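**Q**
Numbering (my numbering), first residue to last: 427 to 610.
1. Going by CA-CA distance only, name the one from 584, 511 and 522 that's closest to residue 416.
2. Exposed or buried, what is residue 502 when buried is set at 16 or more other beta-carbons lying within 10 Å of its beta-carbon?
3. Going by C-alpha to C-alpha distance, which of 513, 587, 526 and 462 sits closest to residue 475?
4. From residue 472 to residue 589, what distance separates their C-alpha atoms?
5. By Cβ distance below 6 Å, which residues in the same chain neighbour residue 580 in space, the five residues on each side in sequence not counted?
6. Would you mind working out which of 461, 449 and 491 sits nearest residue 537, comparing C-alpha positions?
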């Protein structure tokens with residue numbers, strides 16, 4: 427009985443979120459808004475290093491928070507392919523970028539599930555994650571750019587890397603420790 431409950435709990439929740447994310451993606455493609463988003467990012471900068479920060483890290487984190495379950499890699503990956511990145515390269519960069527926000531993916535589902543399984547207060551688990559993961563959140567943007575280019579080219583965009591990483595980490599820390607796990 428508990429197996430069936432656990433399977434239903436996991437599968438229904440995951441399926442609902444993934445279906446909603448794919449539906450939203452399909453709507454944006456069908457209405458042409460996906461192209462508008464790609465053109466917007468391309469008009470901001472042609473620098474691939476900054477594009478990967480904007481799309482894989484920032485946009486991917488937004489999708490992870492809303493949908494989770496691999497949707498950021500698929501959607502942001504398709505976005506990056508549209509910007510001219512090679513498919514395998516786009517997927518690899520998105521997988522790296524998705525390491526920082528994944529603990530609070532799908533509107534906090536991992537934290538909610540951990541709290542219910544472990545029997546620990548959700549606020550305590552949320553605060554613990556918020557004290558551990560910001561360090562990774564500062565490093566991941568640097569790692570993304572370094573994966574793409576050498577050290578010298580990485581340090582050329584260090585201010586952007588630091589702004590993205592530190593602002594993301596600070597938001598993670600403050601929100602998880604003082605607000606709620608649903609919107610970290």
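Glycine is no exception: its CB is placed at the ideal position from the N, C-alpha and C atoms. Just so you know, these numbers come straight off a predicted model, no measurement behind them.
**A** In short, the structure shows the following:
1. No statement about residue 416 is possible, as the shown extent of the chain runs from 427 to 610 and does not include it.
2. Answer is buried; the Cβ neighbour count reaches 16.
3. Selection 513, 587, 526 and 462 evaluated against residue 475 yields 587 as nearest (Cα-Cα).
4. Distance between residue 472 and residue 589, taken at the CA atoms: about 19 Å.
5. Cβ neighbours of residue 580 within its own chain (closer than 6 Å, five residues either side excluded): 571 and 572.
6. Selected option, being the one with the closest Cα: 491.
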